[in-house]
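Asker: Numbering (full-length UniProt numbering), first residue to last: 1 to 208.
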């Protein structure tokens with residue numbers, strides 16, 4: 001090996017480049033200087049019993065790590081910020097993921113805030129249970145909230161603006177009603193009268 005070849009291999013050990021093509025099956029291709037690589041695998045955080053997947057995107061600046069200085073043996077290491085894809089945050093403590101559809105997942109330790117914005121749907125599936133604990137929980141829906149379960153349990157006070165019961169039910173314990181009218185089958189409970197009632201020990205008739 002002559003000196004020029006040795007220098008070339010040393011220069012090729014670590015190079016920067018830009019992704020020019022991506023395939024889920026083949027890997028990605030990178031342009032570095034005047035060279036364009038063949039399909040090369042990109043490195044990931046985990047690739048054993050636990051695995052992670054996040055494909056690089058076209059135009060993303062990366063490092064090429066070439067075994068023996070040969071680009072045909074290179075691995076692609078994402079990623080380096082560039083003029084085309086600059087830093088998505090100026091915080092030194094935030095952990096932020098920003099996606100091409102403008103969705104953002106961010107945790108900011110400085111404020112203790114976890115923020116998820118810009119997504120269309122979210123699905124959480126658990127085989128056993130899900131527990132959410134907080135002093136104050138707010139759920140806001142502009143259309144509806146559906147609780148699809150055989151039983152809904154509220155262990156303490158329930159305040160509701162209105163209530164509609166469609167399949168019957170049972171109420172146990174003392175019930176106090178005030179303000180407005182309570183109707184049963186079209187009869188106002190607090191103001192209805194009975195006909196044919198006289199003083200004495202007789203029973204009243206049916207509500208009217």
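We put the CB at the ideal spot given by N, CA and C, even for glycine. Predicted model, so just to flag it, every value in this text is computed and none were measured.
Mark residue 42 as exposed unless 16 or more other C-beta atoms lie within 10 angstroms of its C-beta, in which case mark it buried.
Answerer: Your numbering for residue 42 matches position 42 in the chain shown. Looking at its Cβ environment, which holds 16 or more other Cβ atoms inside 10 Å, residue 42 is buried.
Asker: Let's test the definition: count the other Cβ atoms within 10 Å of the Cβ of residue 51 and tell me whether it reaches 16, buried, or not, exposed.
Answerer: Translated into the one-based positions of the chain shown, residue 51 becomes position 51. Exposed, by the Cβ-count rule.
Asker: What residues in its chain sit with their C-beta under 8 Å from that of residue 119, if we drop five residues either side in the sequence?
Answerer: The sequence position of residue 119 within the chain shown is 119, counting from 1. Hits under 8 Å: 103.
Asker: With DSSP collapsed to three states, give me the class of residue 9.
Answerer: Residue numbering aside, residue 9 sits at position 9 when the chain shown is read from its first letter. Residue 9: helix per DSSP, three-state reduction.
Asker: Alpha carbon to alpha carbon, how far is residue 24 from residue 111?
Answerer: Sequence index remark: in the chain shown, residue 24 carries index 24 (1-based). Sequence index remark: in the chain shown, residue 111 carries index 111 (1-based). So the two alpha carbons sit approximately 37 Å from each other.
Asker: Are the CB atoms of residue 56 and residue 88 nearer to each other than 9 Å?
Answerer: To locate residue 56, count along the chain shown from 1; it is residue 56. To locate residue 88, count along the chain shown from 1; it is residue 88. No.
Asker: Please report the Cβ distance between residue 66 and residue 73, rounded to the nearest whole angstrom; I am assuming they are in contact, meaning their Cβ atoms lie under 8 Å.
Answerer: Along the chain shown, read from residue 1 onward, the residue named residue 66 stands at position 66. Along the chain shown, read from residue 1 onward, the residue named residue 73 stands at position 73. Their Cβ separation, rounded to whole angstroms, is 6 Å, which keeps residue 66 and residue 73 in contact under 8 Å.
Asker: Within its chain, find whatever has a CB closer than 7 Å to the CB of residue 175; leave out the 5 residues flanking it on each side and keep chain order.
Answerer: For this step, residue 175 is matched to residue 175 along the chain shown. Within the same chain, residue 175 has no close Cβ partners at all.
Asker: Three-state secondary structure (DSSP) at residue 17?
Answerer: Stepping through the chain shown from its first residue, residue 17 is reached at position 17. In this structure, residue 17 counts as strand in the three-state DSSP scheme.
Asker: Looking at C-alpha atoms only, which residue of 11, 53, 97 is the closest neighbour of residue 115?
Answerer: One-based indexing of the chain shown puts residue 115 at position 115. It is 97.
Asker: State buried or exposed for residue 154, treating a residue as buried only when at least 16 other CB atoms are found within 10 Å of its CB.
Answerer: Residue 154 sits at position 154 when you count from the first residue of the chain shown. Answer is exposed; the Cβ neighbour count stays below 16.
Asker: Based on DSSP bridge pairs, tell me the residues matched to residue 35.
Answerer: Along the chain shown, one-based indexing puts residue 35 at 35. In the DSSP output, where bridge partners are listed per residue, residue 35 has 32.
Asker: How many angstroms separate the CA atom of residue 38 from the CA atom of residue 16?
Answerer: As a first step, residue 38 must be located in the chain shown, where it is residue number 38. As a first step, residue 16 must be located in the chain shown, where it is residue number 16. Each residue's alpha carbon lies about 15 Å from the other.
Asker: So which of 36, 185, 168, 124 has the shortest CA-CA distance to residue 76?
Answerer: On the chain shown, residue 76 is found 76 positions in, with the first residue counted as 1. The option with the nearest alpha carbon to residue 76 is 36.
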